[in-house]
Structure formats: structure tokens, C-alpha cells
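Per full-length UniProt numbering, the sequence shown starts with residue 1, numbered consecutively.
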Amino acid sequence: MQHGTLMRKVKSKSWKKQRFFKLQDDCMTIWYQSKRTGKTESAFSISDVETVREGHQSEVLQSLAEEFPPERCFTIVFYGRRGNLDLIAGSAEEAQCWVQGLRQLIEPRSFPLTFALVSRTWIRDWFQKADKNKDGRMNFKEVQRLLKMMNVDMNEDHALRLFQDADKSESGTLEGEEFVLFYKALTQREEVLSLFQEFSEDGKKLTLLELVDFLRQEQLEDEGTEELAMELIDKYEPSETARARHVLSADGFLMYLCSPEGSIFNPQHRALWQDMSQPLCHYFISSSHNTYLIEDQIRGQSSIEGYIRALKRGCRCLEVDCWDGPNGEPMVYHGHTFTSKIPFREVVSTLGKYAFKTSDYPVILSLENHCSMEQQEVLAQQLKDILGEQLLTTTIDGHVPTQLPSPEELKHKILLKGKKIGRLEDTLDGLGDEVPDVSDDDNGAEAEEERRRAKVGGTQHSSALQKDKETLAQALSDCVIYCKNVPFRGFQEARSHSRPSEISSLSEAKARKLIRDEGNEFVRHNAWQLTRIYPSGMRTDSSNYSPQEMWNVGCQIVALNFQTAGMEMDLCDGLFSQNGCCGYVLKPPFMRDEETLFNPSDPSSWEGPGPITLTIQVISGQQLPKVANSKDGAIIDPLVRVEIHGVPMDQSHQETKYIENNGFNPRWDETLQFQLHVPELALVRFVVEDYDKTSRNDFVGQFTLAFANIKPGYRHIHLLSKDGTSIPPSSLFVHIRITE
């Protein structure tokens, strides 16, 4: 790897270019250049790489399976929405060298990164970038260039003073530890130091009791505080002597504040923390629209990569559009458009392989079926043959359900959502004549009507039933158990005649009208039956609608275009980043009650102690990234906007002033305050932008989380890119207070 390797970079069956790949001396960067011109074509950092797949694990490499053996092929998968890199090595040995080498380089990131490790990596990266002549030393001119690259606009005299202080050898250059000293001086956190000294009697250390005081008074940690203080010292204090004395230095204090324990996101809520034994309809479910597309809806590429990416993000409801294909093989693509096509068989194989790698809880496959009867039989056969036991083909107890089963009961199961011939009991052996008791009141008019209608066989539905039999293959129909598609004909009709195992799909426009006109009925409906919302057909650019208004009425399956970055996907990622990223989030109690009075648009229907106040002091920012495609030497003017997404009365945003020419360590020290009337539904989004007085501000970074996951006190917010990937060590430092 160190000497470079000639490999084929592949984009399609016909596009195979030879490129020379080399790992740089920093062991952090890989560049590749054209064999023909010798010109460096591109480079990427090891930190951008999520995983490496061996063999024919992409459509492109599968299409070349007859030409190149799997032992020579591998795929580099990047974080976020960046396209994969498909490569073919000259030999199996060379491929293994790269695969194993890359895996070793990215392996440490499977453990929690310490602040110190991030800092060291960051320092090394900056040194490599600024050391223009690659002599391993940095003169003052190179340091000035480095400051510009790091988003710092510093007075030249001050920069020279820091440089000379760090130049212990008085050689006029910085090397090795001298550069680390310079970097530490540059990154001195005055706001953290003053906080440390506020609780430290001698200003040099926090004793165990002083740390306990800080944790109780500021961080509002009230259980096992002494044990927590001991843990933090053991984990984050860099000095062995200090650890032995059970004290925390200023460096250790900063490391704690930058750690997961010092994050705004409650670390206990990162793991699975909610009750998973309630009916499926009691959860918000992470859901994707047209999952096979990785670009737009008209000419975009269809790819199994869309399914892999969605599943890895914890998505639990995927969509597949099936059409007749050549040689009796159904294909997946967006009908009546120019999108490319993939075999249904490949989608199902991918689903079987990746469905439960991120989450153990059930996956719902939403089937848009446009196939002929013959190819529907093939769909059913492929689902059964490839998925085997994973495919749910009967109810969990063999009986007709009176309510939906729970995620816990459906672990490691794939549920097909689609049209079904007749009722669920017709599918279950020996239960064709049985009718479930749908009411505790034996004399209830509704129960009597249900029994009468079922015995008659639902004559009013007979023509629809006959049509289903003529257009839907029985084998495919039998695969649909808990998610039978039914048209929505109103909440009263659903309550009288629908079943918990049925589901309606609504366009975003239809859903908005129902929210506006029948908000409370919508919430009640979603307490016992699933509802799926999908984007308008006019969104040909794969843009998204805000999922928040749909969640406000308890809609569970709010399908979004996962391939499109933006505020809407930030909200989705923010909601589902909790509970072990399992793709299920339990709805608040007032949304799980079929008789609830709650209406998100009507404050008089809300129960509870009244509004709570969220106070956020935005203190500072650290090492904010430059805006993409900005000019050389350009330095950002950052501001912070805090947005509340929730019920209409809670929707609001406030922002700080902008700080001129400082993306490295801006100080705002501004306090923003919000009233939350329904905090259980609120999401809080922190956005950093580069202020521009002549045009729209540029996006710098963001972080979104549910209000329920916020930890009060002095906290760091670790920013994410537009793609939702981390951009260490970019962060905000804030102080959070929540009062009733």
C-alpha cells in the first residue's frame, strides 16, 4: 500500500480507467492519479471511509463478474451520500493488501474516539496540509497560511508571539512537539478555563468533591454523582499522578466536556431505552420513499445501494416499485420515467443481508406492485426463497389479531405491505368462518354490525374482491399479514369497518387537509392503526416535506427521500438517533390513547402542567469547517440559529449575531429562550451558518435532537455535515437550562 498500486477504477461496465493509488505518509490520506497523464485526480481521507466490501458487492462489479473474479474486486464505501468507489486490483493478493490495510486504518473508529485522539489526528492533518515544501518543519509564512486554512483571522504580531513561544529550539521553524505546543496555545479555551477555576479552589485542579459539586450544581446529575465523578477522572484525566490522587486537571476537565458524557445528547438515550412491547402503531417508524433511487425521480439511478444506506441508518420501512422485466424477471424502478432498473431478486437479497445489521426490529417492505399475474408469482417465490424464515407469512400466534403485535414480538421479521385478497382470516388455516370479537361490550351495536357484515361476507365489497382476485396473485396476497393496503375513506368509515392489520397511504397534501380539518380524529386513528404518508408526485427533484407536522398527529410511517440532504432529513435523523438507532421511537402517552382529546392545532385540548422554558446560552464555537467551494483565504462569519420544530404553537427560531472573520474559536455569549407547550413532540435543531449580507447565508454545520434527549448544564454540541456525518472536532459550547 505504501508504494502505491495500479488498479482499475470502475464506474460502469464500459467505463474502466487505470489509476495509480497511493497511501500518503500520514497514513490518513489516499490519492489517485491518472496512469496516462500522471496528474493527481482526487484524494480522500481515511476518516471519510465507512467500510470496505470484498467481491462483487455493487451493481457495477456484479455486471463484470464474468470478466473479473471476486477475489480482485472491492468497494470503498464512504460516509454520507458520497458515491462508492469500485476498484479492481491486478491480483487477489493486491486486493487483499488494500482491503486488510484499509480495515486496519479505519478499525480504531469502532471504539469511542477520545478528545485527545481526535485532537492528535486533527493536528497531524493540519501539519500535513500546511507543510508546503514537505520538509517536516513549518516556518512562520507556512503558519500564516495554516491560520487562513483553519478559519482564523489573527493579528500578525499575536501569531508571531505564539510562534516564537512554541519555537523552543529557536530554529525559526516548528517541528514535532513544537507544533503541538503552538496548536495548544492556539486552541486555549478561556471560557472553559474560567468555568474550571470557578469550582477549583487553587485554580489548578478539581478535587473529587469539587467535581461532584460541579456535576450536581451545573450538570444537574443527581444520582450516583460520586461514582460518576470517579469514572470521569479515571476515563478523562491524562495524568497518572492526578488519577491516583482522584483529581481532575484543566486538560481532563476539557476532555470530559468534549466527551459523550459532556454532550448535549443524553448518553443513556443513545442505547435502547424505550418500551418495545407496545403495538406497532404506538411508534414513529423510520421510513424511506422510493428507496431504490439515489438521485432524482425522473432520470436518477436505481441502486441496491439506496437500500443498504437506508438500512444502515436504521430505516425500518422501505419502498419497492415492481414492474414486469425481461425473461420473466421482475424489475425495480420508478415507472414511466428514465430511471435505471435493478432486478427485484437483487433488492430482496440485499434486504435479507442488511435488514438486521443496525436494528433487530421488524422491517416493513412497502410493495408497489405493477406486475402481471405471472411475474407476481415470481415476486412471491423470490420473497419466500431468498428471505426464508425472515419473511412473516402468518400471524405470530396463528389467530386474527385484535391489535397489532409489538416490535419486540416481530424481531428479525420482514413484513410485506401491499394489497391482499379478502380478509386476513381467509389466509389463516381453519379460521375462515371465525370472526374476532371487536368489542368488550357484547351488546354493542358496532360489534353486532361487524359480525353481521362479516357473515354476509361483505357483499358491498364483493366486486372489489373479485377485481383483486383477477389482478392479484394469491401467493403474493398470502405474504401480506399485518400491513394490508386499504383506501382511506374517512376516519368514521375506518373505525366502523377497518382492522388494526390494515393500513392506508396518504399523500402529503391529503394528510395536511386532514390535520387542518380533523386533527383530533387523526391522532385517535393513529392510536390503533398504521398510516403511511408519502411525498407529492410533483417533487421530481426528490425534495422532502417536513415530517414534523405528520408526527404531530401520530402518523407512524412518514416516508422521506433519504437521498436528499436538508432540514427535513436532519429532523428524521434527529428523532431516530435515540433508542439505539433501532428505527422505532415510542409516541407520547397522549398519542397512544384511542379516546385522546389531543389536537396539535388546538391548545385547549392539551393536558399537562403548562409550558416549560428552554434557555440556551450559546457560548462559543470550535474549529468550524469552511464553507464548501469557498475562495482561498476566505474566513467565515459564523452565527448560530436555534430552531424548535413541534406543534404549531411551539414552532420558532432565534439566532445569535454573527462573528466577523472567525470560524476557529468564535465567542457569542448570547442567551436564547423558548416556551414549549408540548415538549414531548419538540425537536431542537442547532444550525451554524456563514453570514452573507448580499445573499443567502451558507450552511456550515448542524445538530438536531429530540427535546426529550437533551442533557442540561454545560454541554458540547458536535456538529454534523449536510450529509449527516460528523465533522470532528467542530462543535458548539452551550449552557442549557430547563424550567417549568
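Glycine included, every Cβ here is placed at the ideal spot set by N, Cα and C.
Query	Result
Rounded to whole angstroms, what's the CA-CA distance from Ile106 to Val77? Just pull it up for me.	12 angstroms
Given this structure, state the Cα-to-Cα distance separating Ile533 from Lys235, to the nearest angstrom.	45 angstroms
Let's see if you can read the secondary structure: which residues bound the beta strand (DSSP E) around Ala706?	Asp698 to Ala706
How is His645 classed by DSSP in three states: helix, strand or coil?	strand
Look at Ile481 and Lys417 and say whether their C-beta atoms are less than 7 angstroms apart.	no
Terminal residues of the continuous alpha helix (DSSP H) containing His158?	Glu156 to Ala166
Measuring straight from C-alpha to C-alpha, what distance separates Asp158 and Ser249?	According to the sequence shown, residue 158 is His rather than Asp. Each residue's alpha carbon lies about 27 angstroms from the other.
Using the Cα positions of Ile736 and Ile557, report the straight-line distance between them to the nearest angstrom.	32 angstroms
Going by the beta-carbon positions, is the gap between Lys578 and Asn709 smaller than 7 angstroms?	One detail in the question is off: residue 578 reads as Gln in this sequence, not Lys. Yes, the Cβ-Cβ distance between Gln578 and Asn709 is below 7 angstroms.
Quick check on the DSSP output: the alpha helix (DSSP H) that includes residue 741 runs from which residue to which?	Missing from the structure shown is residue 741; the chain here goes from 1 to 740 and no further.
Specify the secondary structure class of Ser726 as computed by DSSP and reduced to three states.	strand
Starting from Lys420 and walking both ways along the beta strand (DSSP E), at which residues does that stretch end?	Unbroken run through Lys420: none, as it is neither H nor E.
Quick one: what's Asp321 bridged to in DSSP?	Glu368
Can you tell me where the alpha helix (DSSP H) holding Asp222 begins and where it ends?	First-last for Asp222: undefined, no H or E at that position.
Tell me the residue span of the beta strand (DSSP E) that contains Trp31.	Thr29 to Ser34
Between the segment 578-589 and the segment 504-512, do three or more beta carbon pairs fall short of 8 angstroms?	no
Closest to Ile285 by C-alpha separation, out of Glu94, Gln702 and Trp551, would be which residue?	Trp551
Contact between the segment 643-659 and the segment 684-695: three or more CB pairs below 8 angstroms?	yes
Can the beta-carbon of Phe562 be found less than 7 angstroms from the beta-carbon of Ala310?	yes
Output needed for Val320: all residues of its chain with C-beta closer than 8 angstroms, excluding positions within five of it in sequence on either side, in chain order.	Thr291, Tyr292, Val332, Phe344, Val347, Leu365, Ser366, Leu367 and Glu368
Have a look at Met255, Lys129, Glu54 and His525 and flag the residue whose alpha-carbon is nearest the alpha-carbon of Gln188.	Met255
Within the same chain, show all residues whose beta-carbon is closer than 6 angstroms to that of Pro625, passing over the 5 residues directly before and after it, in chain order.	Ile727 and Ser730
I want to know whether the segment 523-539 touches the segment 608-622 - three or more CB-CB distances under 8 angstroms.	no
Closest to Glu59 by C-alpha separation, out of Leu506, Tyr183 and Cys73, would be which residue?	Cys73
Can you give the Cα-Cα distance for Lys148 and Gly633, rounded to whole angstroms?	5 angstroms
Thinking C-beta only, is Glu377 closer than 7 angstroms to Ala473?	yes
Are the beta-carbon atoms of Gln375 and Asp426 separated by less than 7 angstroms?	no
Could you tell me which of Phe707, Leu404, Leu228 and Gln96 sits nearest to Val212, measuring between CA atoms?	Leu228
Check whether the segment 569-578 and the segment 377-397 touch, using three or more Cβ-Cβ pairs below 8 angstroms as the test.	no
Within 10 angstroms of the Cβ of Asp86, are there 16 or more other Cβ atoms? Answer buried if so, exposed if not.	buried
Here's the rule: buried if 16 or more other CB atoms are within 10 angstroms of the residue's CB, otherwise exposed. What is Leu209?	exposed
How should Glu389 be labelled, buried or exposed, when 16 other C-beta atoms within 10 angstroms of its C-beta is the threshold for buried?	exposed
Would the beta-carbon of Pro535 fall within 7 angstroms of that of His289?	yes
Going along the chain, which residues of its own chain have a beta-carbon closer than 7 angstroms to the beta-carbon of Ile636, five neighbours each way excluded?	Asn151, Leu624, Lys626, Val627, Gly663, Asp690 and Val700
Does the beta-carbon of Gly172 have 16 or more other beta-carbons within 10 angstroms, so that it is buried, or is it exposed?	exposed
When the Cα atoms are used, what is the spatial distance from Val523 to Met591?	6 angstroms
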